[in-house]
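**Q**
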Amino acid sequence: QAEALVGTTASEENAAAEKREFLNRVAAVPWGVLGTQLTASRQERANAPKPDLETVLVDPAGLSYIQEVGPALAGGASGAIYEFLGIQDDDGFPADVVRSLRQELQAKL
């Protein structure tokens, strides 16, 4: 049991408890969102199943890739995600995605 901090409100204590509960559910793993790990010899190794239709992928792309560059020129984790999704050759993202994402940390389903 965590003791209440002096000078904190019940609302602050609840927020802190929610954060702890969330972090207790997070597990750090040695692979990326597609279940793979790049070995020291630059070989890709499958360590977990590929994402299924119930899995949400978080794209680390910068806003300029969404707004201007498009999937075709992306590399790294974003490039791997786009290849998995089959959009690696697309010149741009769908117009509704581009319109919806106007700043970093926004999402579009």
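Heads up, our numbering is the position in the sequence shown plus 3, with the first residue counted as 1. In this text, a Cβ means the ideal position worked out from N, Cα and C, and glycines have one as well. Please read all numbers here as calculations on a predicted model, not as lab measurements.
1. Quick check: the Cα distance between LEU41 and SER81, rounded to an integer number of angstroms?
2. Pick helix, strand or coil for GLN4, following the three-state DSSP scheme.
3. Go ahead and pull the three-state DSSP assignment for ARG102.
4. Buried or exposed, going by whether 16 or more other CB atoms sit within 10 Å of the CB of PHE96?
5. According to DSSP, simplified to helix, strand and coil, what is ALA49?
6. Do you know whose CA, among GLN91, VAL61, LYS22, ALA77, lies nearest GLN109's CA?
7. Contact between the stretch 51-65 and the stretch 29-40: three or more CB pairs below 8 Å?
8. Mind checking whether LEU26 and ILE69 have CB atoms under 8 Å apart?
9. By how many angstroms is the C-alpha of GLN46 removed from the C-alpha of ASP94?
10. Three-state secondary structure (DSSP) at LEU26?
**A** According to the data block:
1. 15 Å
2. Note that GLN4 has pLDDT 48, beneath the 50 cutoff, so the model's placement of it is unreliable and the number below is only indicative. Three-state result, GLN4: coil.
3. helix
4. buried
5. strand
6. VAL61
7. yes
8. no
9. 28 Å
10. helix
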